[in-house]
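See below for the structure under consideration.
Residue numbers (full-length UniProt numbering): 1 to 106.
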């Protein structure tokens, strides 16, 4: 199917061929699991409800982003000049979506 054809093209586990600085947004509830609240939908137009939310930036759960960044770091692709810095928190001012950013590469 579609997954089999596209999964090799978009492989998040394969690090990009350039140095990466991972910035992970935290502090906002982010949807991580969905389901149908009552029963299996009668038609595909029915909206799922959020079953679980976790910490993130309202788009990507922090746990997911951190897992990918840690994998890239083990592959020696997390090569930013800040790679020896400890995690630093910043208050977001430009947007309401991300209140706290954490520089993840260490």
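Ideal Cβ positions, reconstructed from N, Cα and C, are used throughout, including at glycine.
Query	Result
Below 8 Å, how does it come out for the segment 8 to 16 and the segment 32 to 47: are there three or more Cβ pairs, yes or no?	no
Less than 8 Å between the C-beta atoms of residue 65 and residue 24, yes or no?	yes
State the Cα-Cα distance for the pair residue 26 and residue 54, rounded to the nearest angstrom.	10 Å
Among residues of its own chain, excluding the 5 on either side of residue 71, which ones have a beta-carbon nearer than 7 Å to its beta-carbon?	13
Starting from the C-beta of residue 49, find all residues in its chain whose C-beta is less than 6 Å away, skip the five residues before and the five after it, and write them out in chain order.	37
Taking residue 28 as part of the beta strand (DSSP E), name the residues at either end of that continuous run.	28 to 35
Check each candidate in 45, 2, 44 and 52 and name the one with the smallest Cα separation from residue 29.	52
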